[in-house]
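Please read the structure below before turning to the comments.
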């Protein structure tokens, strides 16, 4: 139910969190997250506008997180790229505003509120220190991101 | 986060439940649910294939629910038209299957499991007898569906 953009943004943030502050260039981040480079770059720009990531140019440049993993919630990442939708007004009520939602939309919104709460209460660092699942992303079980090239890299795509 | 098709299917089932067994022709159901008639007809066909609605031709024909509202859950309606998606395998794991999801997809799936449970535990009749919200759909506050025409109607669209 989460969009592809949300999925890609979460992969990027988790991977940057695992890098523990070492900058990652777009090409390496794309490989580690299995996201097309152009798509990933747009997602990183959206995350940058919400102050979740930052980029630095130069031979040791690349993307890093702007905040500590324990300060970033799943909901913040989701809202940065594809804001979580709640039902504030019944989509059928085109005639006049009413204060209460109908039971159908009230129930759906109640379920959405619980989902939003779960995402608000989970921080990125919780995904890094799960004893049963030592690797934050499945692909890293098989294909760890390569070391950054020593020079000539750019933060941008 | 629910698709338009799911939203329309839920409106149709709730409206048919409110009709308490009286058949509704597609045109009236489209008006009561504020759904384009062609779209609604396709949704009704999908619901029919899952034995949630049935249609009857003739002057007193139309669509009715095949089960009692207390026997239909929100999840059944959702699954009939756009099956609820859980994460059974990490979408990044293209190399080999692993039994455990990575922490990111495990957390997302856990949240999805709770959402699925909420939809499984809510039946259509619960939307009909909410004392605080006496109308099952917002639009019916303003624009109750008209009486069925006396003759010449067809169940189909």
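Protein chains in written order, with my numbering: chain A, -5 to 151; chain B, -5 to 151.
Just so you know, even glycine gets a beta-carbon here, dropped at the ideal spot from N, CA and C.
Compare the C-beta of residue i with all C-beta atoms of chain A and state if any pair is closer than 9 Å.
| i | result |
| --- | --- |
| residue 97 of chain B | yes |
| residue 121 of chain B | yes |
| residue 153 of chain B | As shown, chain B starts at -5 and ends at 151. That puts residue 153 of chain B outside it, with no answer to give. |
| residue 86 of chain B | yes |
| residue -5 of chain B | yes |
| residue 23 of chain B | no |
| residue 79 of chain B | yes |
| residue 46 of chain B | no |
Determine, for residue i, whether the minimum Cβ-Cβ distance to residues of chain B falls below 9 Å.
| i | result |
| --- | --- |
| residue 37 of chain A | no |
| residue 73 of chain A | no |
| residue 8 of chain A | yes |
| residue 65 of chain A | no |
| residue 101 of chain A | yes |
| residue 106 of chain A | yes |
| residue 17 of chain A | no |
| residue 20 of chain A | no |
| residue 59 of chain A | no |
Start and end of the beta strand (DSSP E) containing residue i?
| i | result |
| --- | --- |
| residue 47 of chain B | 47 to 50 |
| residue 23 of chain A | That residue, residue 23 of chain A, is in no beta strand (DSSP E); its alpha helix (DSSP H) goes 20 to 27. |
Go ahead and pull the three-state DSSP assignment for residue i.
| i | result |
| --- | --- |
| residue -1 of chain A | helix |
| residue 95 of chain B | coil |
| residue 15 of chain B | coil |
| residue 59 of chain B | strand |
| residue 116 of chain B | coil |
| residue 81 of chain A | coil |
| residue 4 of chain B | helix |
| residue 86 of chain B | coil |
| residue 122 of chain A | coil |
| residue 43 of chain B | helix |
Might you give, ordered along the chain, the residues of its own chain that have their beta carbon closer than 8 Å to the beta carbon of residue i, omitting 5 neighbours on each side?
| i | result |
| --- | --- |
| residue 11 of chain A | 59, 63, 66, 118, 119, 121, 122 and 130 |
| residue 61 of chain B | 45 and 46 |
What does the Cβ neighbour count give for residue i, buried or exposed, with the cut at 16 atoms within 10 Å?
| i | result |
| --- | --- |
| residue 14 of chain B | exposed |
| residue 1 of chain A | buried |
| residue 110 of chain B | buried |
Can you give me the Cβ contacts of residue i inside the same chain, cut-off strictly under 7 Å, excluding the 5 residues immediately before and after it?
| i | result |
| --- | --- |
| residue 103 of chain A | 80, 81 and 95 |
| residue 31 of chain B | 20, 21, 24 and 151 |
Where do the ends of the alpha helix (DSSP H) carrying residue i lie?
| i | result |
| --- | --- |
| residue 68 of chain B | 68 to 75 |
Among residues of its own chain, excluding the 5 on either side of residue i, which ones have a beta-carbon nearer than 6 Å to its beta-carbon?
| i | result |
| --- | --- |
| residue 71 of chain A | 3, 4 and 7 |
| residue -4 of chain B | none |
Does residue i get closer than 9 Å to chain D when you measure Cβ to Cβ?
| i | result |
| --- | --- |
| residue 13 of chain B | Annotation note: the requested chain D is absent from the structure, which comprises protein chains A and B. |
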